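Chemist:
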Amino acid sequence: MERDAQRLFVDSITSTADAVLEEGASGVIRAISAAVMDGVHVLEDLAKRPPEDTVEGTRRVGHRGIPRRRGYEQQMESKRVRDRLRELTGGAWEESSTEQVVSDADFEIFEALWASSGHTHRPCTAQNFRVDLSRCCVQSNFNKGAAQVFADYFMTVEGIDLRDFGKRDRIIELFFGRLKRMRSKWLRQRGGDEAELGHRRQNIRAVRKNELYHRRRDVTYMVPQLKKHRELLDRIGTEGMSSDEEDGVSGDGTTIYKFQPPYWMSPDVENLLQWLDLIGAALKRSKQETRGRNPCIRRRNPPIPNDGKTPVAGLPRNVYRREWLASLSDVYREREIAPSSETCDLEIDPEIKTMVLDATRTL
Numbered sequence: 001m002e003r004d005a006q007r008l009f010v011d012s013i014t015s016t017a018d019a020v021l022e023e024g025a026s027g028v029i030r031a032i033s034a035a036v037m038d039g040v041h042v043l044e045d046l047a048k049r050p051p052e053d054t055v056e057g058t059r060r061v062g063h064r065g066i067p068r069r070r071g072y073e074q075q076m077e078s079k080r081v082r083d084r085l086r087e088l089t090g091g092a093w094e095e096s097s098t099e100q101v102v103s104d105a106d107f108e109i110f111e112a113l114w115a116s117s118g119h120t121h122r123p124c125t126a127q128n129f130r131v132d133l134s135r136c137c138v139q140s141n142f143n144k145g146a147a148q149v150f151a152d153y154f155m156t157v158e159g160i161d162l163r164d165f166g167k168r169d170r171i172i173e174l175f176f177g178r179l180k181r182m183r184s185k186w187l188r189q190r191g192g193d194e195a196e197l198g199h200r201r202q203n204i205r206a207v208r209k210n211e212l213y214h215r216r217r218d219v220t221y222m223v224p225q226l227k228k229h230r231e232l233l234d235r236i237g238t239e240g241m242s243s244d245e246e247d248g249v250s251g252d253g254t255t256i257y258k259f260q261p262p263y264w265m266s267p268d269v270e271n272l273l274q275w276l277d278l279i280g281a282a283l284k285r286s287k288q289e290t291r292g293r294n295p296c297i298r299r300r301n302p303p304i305p306n307d308g309k310t311p312v313a314g315l316p317r318n319v320y321r322r323e324w325l326a327s328l329s330d331v332y333r334e335r336e337i338a339p340s341s342e343t344c345d346l347e348i349d350p351e352i353k354t355m356v357l358d359a360t361r362t363l
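For the record, in the sequence shown the residue sitting at position 175 is 175 according to full-length UniProt numbering, with numbers rising by one throughout.
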């Protein structure tokens, strides 16, 4: 049935497009028609993914948007640290906020002992283990001392040589990673329901940005003529995707989102990304897929200067908005943003645009 739906879609867009396209566009029509007809192979290719997407524990330079996937051993290592920390504290940090606050007086006493001992003094023992989450710097001297106590405990219980400093550094790194999450949870608890709701909103918005990035990237696998844009998507990554905010529901029940593109991004790049969205939606509808989330309606708000959105560095110069680049100081522009001299192709083939627009009208 899916193959029949694909064939009907191809017939409709081909017949419509033939009436408006020049003879030279027939090759493009055949190529995209083949891409839609070959849906099974497309799904197989997407499932396999290119090698740079699946290398465990690594991330290629310039591919900032590809999620880092930890290997099984790394996941188990993190779990052991988490379990030992819970074992050491008796779960106190999960249940009570009083165990996580160090008074100013105690903190000052510890700082003096820490300095006079050459950073060897410890704020606690394994029997009365405690950390400080009340100060903004998680890696405070107090918590550095607690990290050494935890590392001693962990290595002793796990049977690791205490003189294995490579292992010790790794354990402390994981300990502070866990401590950051503990502090985040502690702050939300102190802020009440409103803080928790705001945190959930941020997480959901980040998930939508990641999904948006991958949907756009998947389109470059479905249509061969769009492969040239894949490298730019990889370099922009999820950081370059526009975040959105839910803004009601349409008449057919589709969620509407309002979004604001980052001011640093060139309008040509924004236009390219919107075309990838349109092509992806047309391909999804053409195959009558019911799996996954339906394409949402995104309403654009104009970008605002000084919007606070962090720019992605090292991209081709024409990816950035000219006015934004010109407003930067020479030092910041060349050292921090470091735009490359290469020129990136930001155009969608006119034949593809015409065909997709005609196909959208017939669906």
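Beta carbons: idealized from backbone N, C-alpha and C, even for Gly.
The structure displayed is predicted, hence computed values, not measured ones.
With a threshold of 16 other CB atoms inside 10 Å of the CB of C344, please say whether the residue is buried or exposed.
Modeler: It counts as buried.
Chemist: On a Cα-Cα basis, can you pick out the residue from R190, W114 and G166 that is closest to L133?
Modeler: For L133, the nearest C-alpha among the options comes from R190.
Chemist: Grouping DSSP H, G and I as helix and E and B as strand, with all else coil, what is S327?
Modeler: In this structure, S327 counts as helix in the three-state DSSP scheme.
Chemist: From what residue to what residue does the alpha helix (DSSP H) around R82 run?
Modeler: From DSSP, the alpha helix (DSSP H) with R82 extends over Y72 to T89.
Chemist: So the alpha helix (DSSP H) P339 belongs to, where does it begin and stop?
Modeler: From DSSP, P339 is part of no alpha helix (DSSP H); its letter is neither H nor E.
Chemist: Does DSSP classify F129 as helix, strand or coil?
Modeler: Coil at F129, not helix or strand.
Chemist: According to the neighbour-count rule (16 or more other Cβ atoms, all chains shown, within 10 Å of its Cβ), is I352 buried or exposed?
Modeler: Buried, since its Cβ has 16 or more Cβ neighbours within 10 Å.
Chemist: For L162 and D169, which I take to be in contact (beta-carbon distance under 8 Å), what is that distance rounded to the nearest angstrom?
Modeler: With a Cβ gap of about 13 Å, L162 and D169 do not count as contacting.
Chemist: Within 10 Å of its beta-carbon, does D330 have 16 or more other beta-carbons around it, so buried, or fewer, so exposed?
Modeler: That one is exposed.
Chemist: Can you grab the Cα-Cα spacing for the pair I172 / A281, in whole Å?
Modeler: Using only the alpha carbons, I get a separation of about 46 Å.
Chemist: State the CB to CB distance for the pair Q260 and S242, rounded to an integer number of angstroms; the pair is presumed to be in contact (CB under 8 Å).
Modeler: Contact holds; Cβ gap of about 6 Å.
Chemist: Could you tell me how far apart the beta carbons of F154 and V269 are, in whole angstroms, since I believe they sit closer than 8 Å?
Modeler: Not a contact, Cβ separation roughly 47 Å.
Chemist: Could you tell me the boundaries of the alpha helix (DSSP H) in which I236 lies?
Modeler: R230 to I236 is the extent of the alpha helix (DSSP H) around I236.
Chemist: Among the candidates P350, G166, L174 and T310, whose CA atom is the shortest distance from the CA of Y263?
Modeler: Measuring from the Cα of Y263, the nearest candidate turns out to be T310.
Chemist: Any idea if T220 is buried or exposed, counting beta-carbon neighbours within 10 angstroms, 16 or more meaning buried?
Modeler: It is buried - the Cβ of T220 has at least 16 other Cβ atoms within 10 Å.
Chemist: From the DSSP output, which residues share a beta bridge with Y320?
Modeler: For Y320, which the question treats as bridged, DSSP gives the partners M265.
Chemist: Which of helix, strand or coil does DSSP assign to R285?
Modeler: If DSSP states are grouped into helix, strand and coil, R285 belongs with the helices.
Chemist: Could you tell me how far apart the beta carbons of V157 and R84 are, in whole angstroms, since I believe they sit closer than 8 Å?
Modeler: That belief holds up - the Cβ atoms of V157 and R84 are roughly 7 Å apart, short of 8 Å.
Chemist: Between S97 and the rest of its own chain, which residues show a CB-CB distance below 7 Å, the 5 nearest in sequence each way excluded?
Modeler: Residue placement at S97 cannot be trusted, given a pLDDT of 45 that sits under 50; what the coordinates show is reported in the next sentence. W186, Q189 and R190, listed in sequence order.
Chemist: Could you have a look at G177 and say whether DSSP puts it in helix, strand or coil?
Modeler: Helix.
Chemist: Go to S109, then tell me how far its alpha helix (DSSP H) extends in each direction, as first and last residue.
Modeler: Correcting the residue identity first, residue 109 is Ile in this sequence and not Ser. Residues D104 to S116.
Chemist: With distances taken Cα to Cα, identify the nearest neighbour of F175 among Q139, K209 and S266.
Modeler: Selected option, being the one with the closest Cα: Q139.
Chemist: Contact defined as beta carbons within less than 8 Å: I believe A146 pairs with R135. What is the distance between those atoms, to the nearest angstrom?
Modeler: Rounded, the Cβ-Cβ distance is 13 Å, inconsistent with contact.
Chemist: Inspect the beta-carbon positions of R235 and L325 and report whether they are closer than 7 Å.
Modeler: It is not a contact, given that the beta carbons lie outside the stated cut-off.
Chemist: Using the Cα positions of L212 and T89, report the straight-line distance between them to the nearest angstrom.
Modeler: C-alpha separation (whole angstroms): 40 Å.
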